[in-house]
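**Student:** In numbering that gives the first Met the number 0, the protein residues as written are 0 to 171.
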Amino acid sequence: MALKLRQPYLRRNLLLADTGVMPFPINIEDPIVDFYIDLYATNNGRYNCRNPMKKVLNKIEIVDGSDVLFSLDSEEILALDFYHYKESLHMGIDERANIVQHCDFNIPLGLGRVDPTVAFDPGRFSNPQLVLDWDLDNVTPWAEGGFVDGTLHATIMADVIDEAPVKPSGYL
């Protein structure tokens with residue numbers, strides 16, 4: 000039996016402050032296989048050397064009230080992505096002036112189309128939230144050749160099992 004998956008946006012092209020921590024309520028009732036986060040910002044008008052977008056993200060957490068269910072920094076998330084998906088995800092490293100750099104982070108919580116019993120079930124938690132922690136100047140400040148202030152954006156999506164045949168017993 001093939002699973003039906005859909006990809007709702009939690010946020011799309013959301014402009015973020017240059018530094019911050021922001022919780023995003025997980026207002027999805029169906030089981031979630033993974034989250035997809037795309038962070039992107041514009042290089043300054045001269046260059047953006049040795050300043051990959053992946054360094055902007057400090058960490059991503061999934062929390063339920065004060066309980067931390069998942070917490071990894073950007074390097075750990077990329078390592079988990081490489082292990083889980085067996086391929087390199089889009090990192091969009093481009094140091095040229097005035098170019099938008101992207102970095103995609105996937106958070107695997109289930110086994111995709113393989114097994115509906117392994118997925119994140121938001122209904123089991125009272126207040127599930129996805130929390131982003133970032134700093135646009137983590138590596139190189141704008142004055143020294145970093146990203147342009149006020150250009151950091153995020154798009155957050157989820158892979159959701161639509162009409163799940165069974166309730167998940169747990170998540171990765």
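No residue lacks a Cβ here, since even glycine has one placed at the ideal position from N, Cα and C.
Going by DSSP, which residues form a beta bridge with residue 105?
**Tutor:** Locating residue 105 in the sequence shown gives position 106, counting from the first residue. In the DSSP output, where bridge partners are listed per residue, residue 105 has 35.
**Student:** Given that a residue counts as buried once 16 or more other Cβ atoms are within 10 Å of its Cβ, and exposed if not, what is residue 14?
**Tutor:** Indexing the sequence shown from 1 puts residue 14 at position 15. Residue 14 comes out exposed.
**Student:** Would you kindly work out how many angstroms separate the C-alpha atoms of residue 150 and residue 47, rounded to a whole number?
**Tutor:** Your numbering for residue 150 matches position 151 in the sequence shown. Your numbering for residue 47 matches position 48 in the sequence shown. If you take the alpha carbons of residue 150 and residue 47, they lie about 14 Å apart.
**Student:** In chain order, which beta strand (DSSP E) runs of at least 3 residues are fully inside the region 42–118?
**Tutor:** Here the runs fully enclosed are 56–63, 66–71, 99–107.
**Student:** Which stretch, first to last residue, makes up the beta strand (DSSP E) that contains residue 22?
**Tutor:** For this step, residue 22 is matched to residue 23 along the sequence shown. Here the beta strand (DSSP E) through residue 22 covers 18–24.
**Student:** If we call anything under 8 Å between Cβ atoms a contact, is residue 29 one with residue 160?
**Tutor:** On the sequence shown, position 30 is the one that residue 29 refers to. On the sequence shown, position 161 is the one that residue 160 refers to. Yes, these two residues count as a Cβ contact at 8 Å.
**Student:** Drop a sphere of 10 angstroms on the beta-carbon of residue 145, count the other beta-carbons inside from all chains shown, and report buried for 16 or more, exposed for fewer.
**Tutor:** Start at 1 with the first residue of the sequence shown, and residue 145 comes out as number 146. It counts as buried.
**Student:** CB residue 58 to CB residue 72, shorter than 8 Å?
**Tutor:** For the purposes of this step, residue 58 is identified with residue 59 of the sequence shown, where counting begins at 1. For the purposes of this step, residue 72 is identified with residue 73 of the sequence shown, where counting begins at 1. Yes. Within cutoff.
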